Amino acid sequence: LFWVFNSSLEIVFVLHGLNLTQTSRHIYFAFILILYLFTIFINSTLILTIKMLHDPMYLFLCNLCVNGIIGASSFYPKILYDILFDSYVITYIGCLTQIFVIYFYVFCECTNLTVMAYDRYVAICKPLHYHCIMTIRKVWTLILLTWLFSWLEVTVAIVLTARLPLCSVDIDKFYCSNWAVVKLSCVDTTLNNLYGFIFTSYHFSQMILILISYVNIIKASLRSQAGRRKFMQTCLPHLITLSNFVISLLFDVMYARYGSNTSLLALGNIMSVEFLVVPPLINPIIYGMNLNQIWNSARKMFSCKVSGVVLVKTIS
Numbered sequence: 004l005f006w007v008f009n010s011s012l013e014i015v016f017v018l019h020g021l022n023l024t025q026t027s028r029h030i031y032f033a034f035i036l037i038l039y040l041f042t043i044f045i046n047s048t049l050i051l052t053i054k055m056l057h058d059p060m061y062l063f064l065c066n067l068c069v070n071g072i073i074g075a076s077s078f079y080p081k082i083l084y085d086i087l088f089d090s091y092v093i094t095y096i097g098c099l100t101q102i103f104v105i106y107f108y109v110f111c112e113c114t115n116l117t118v119m120a121y122d123r124y125v126a127i128c129k130p131l132h133y134h135c136i137m138t139i140r141k142v143w144t145l146i147l148l149t150w151l152f153s154w155l156e157v158t159v160a161i162v163l164t165a166r167l168p169l170c171s172v173d174i175d176k177f178y179c180s181n182w183a184v185v186k187l188s189c190v191d192t193t194l195n196n197l198y199g200f201i202f203t204s205y206h207f208s209q210m211i212l213i214l215i216s217y218v219n220i221i222k223a224s225l226r227s228q229a230g231r232r233k234f235m236q237t238c239l240p241h242l243i244t245l246s247n248f249v250i251s252l253l254f255d256v257m258y259a260r261y262g263s264n265t266s267l268l269a270l271g272n273i274m275s276v277e278f279l280v281v282p283p284l285i286n287p288i289i290y291g292m293n294l295n296q297i298w299n300s301a302r303k304m305f306s307c308k309v310s311g312v313v314l315v316k317t318i319s
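Below you can see the structure in the form of structure tokens.
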């Protein structure tokens, strides 16, 4: 068995977690497809709307939406294919590719939320120096570094996983995750665990920086009515987004490491994809509803499109 999984033969993983009947399969497929299309639609709408705005905060938000599309696309197409064709398998290369995209989304989301917290700290605690500190050039540099560091992190993780020989092909999830593949290894995985501890500590330190930023933001906001209003409009959506993402991610990590109740496997798997489903779905809704400039720009954009369609029909 060890030799087979380390020869030139193509390894095919078997994904577990969903056990659907013929009738329920079509219902799940329709529901998940609508959810995916709606996620792409609202994120794309917010990106097109933000193009009209030039404040640094909106560029970070645009990056958040782009990353949301990446995160959703790392999961939805594969699960839709599996449900439609009743085929819960994935090739070794396909599995590593899915892991790469999912982890890139996670790392990029963490770093982008940290940068957004820094932006809000400067905006509220140092409002007179905001445009001097957060220049457009600096914003684009931070966004570029967010993507670059996330790419480097996940590349190292994939290289460490790809070197491992495997003794099994059964993954107790309906999507590929790095820890699920590492657990299938026949050899010692201390190096993988050490690297996992390093980048977990790094992103935990980001959460501490966000916490420190918001302690200072809340102190500054309580000093004036205008500060409280600005906090509610721009910082509260960020806190909701951050809390939802962190809680969802922690559940997945804890369940992957310590969850072992096979009777609740399907429920656990569904809960474990919350960080891939919920943040990309609700982030644009939260920001779109709470930030007046985005809401007004979106309304103007759709009004112009509707007026253009009506005008074309009238002329024709």
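Residue numbers (the numbering used here): 4 to 319.
We put the beta carbon where it would ideally sit given N, CA and C, even for glycine.
These numbers come from a predicted model, not from an experiment.
Residue burial classification, residue i (beta-carbon count within 10 angstroms, cutoff 16)
i	result
M235	exposed
L225	exposed
K81	buried
A229	exposed
T193	exposed
K222	exposed
A165	exposed
S77	buried
D255	buried
S216	buried
V7	Legend: pLDDT at V7 = 42, less than 50; position of this residue unreliable, no value from coordinates given.
C65	buried
L314	With a pLDDT of 44 at L314, under the threshold of 50, the modelled position of this residue cannot be trusted; read the value that follows with caution. Per the 10 Å Cβ criterion, exposed.
H29	exposed
R123	buried
E13	exposed
A33	exposed
F63	buried
L197	exposed
I102	buried
T149	buried
C135	exposed
I250	exposed
I288	exposed
L67	buried
Contact check, residue i vs residue j, beta carbons under 9 Å
i	j	result
H132	V125	yes
V157	F110	yes
P168	V190	yes
L116	F248	yes
Y39	I86	no
Y121	G74	no
C98	C170	no
N219	G71	no
I139	K233	no
Y290	L51	no
L245	I45	no
Y79	N181	no
M137	P240	no
V276	T42	no
heavy atom of the ligand ZN below 8 Å from residue i C-beta
i	result
L64	Of ligands this structure carries none, so the ligand ZN is not represented either.
Expected contact under 8 Å - CB spacing of residue i and residue j to nearest Å
i	j	result
V17	D173	5 Å
V1	L145	Past the boundaries of the shown model lies residue 1; the chain is included only from 4 to 319, so the question cannot be answered.
L21	F200	Actually they do not touch by this definition, with Cβ atoms about 31 Å apart.
L36	L83	6 Å
S153	T100	Their Cβ separation, rounded to whole angstroms, is 16 Å, which puts S153 and T100 out of contact at 8 Å.
(message) Within 8 Å, do at least three Cβ pairs link the region 203-218 to the region 86-95?
(response) no
(request) Please go through the region 20-82 and give each complete alpha helix (DSSP H) segment of 4 or more residues, from N-terminal end onward. (result) 25-53 and 59-76
(message) What ranges does the alpha helix (DSSP H) occupy inside the region 126-184, keeping only unbroken runs of at least 4 residues that lie completely in it?
(response) 133-136 and 139-165
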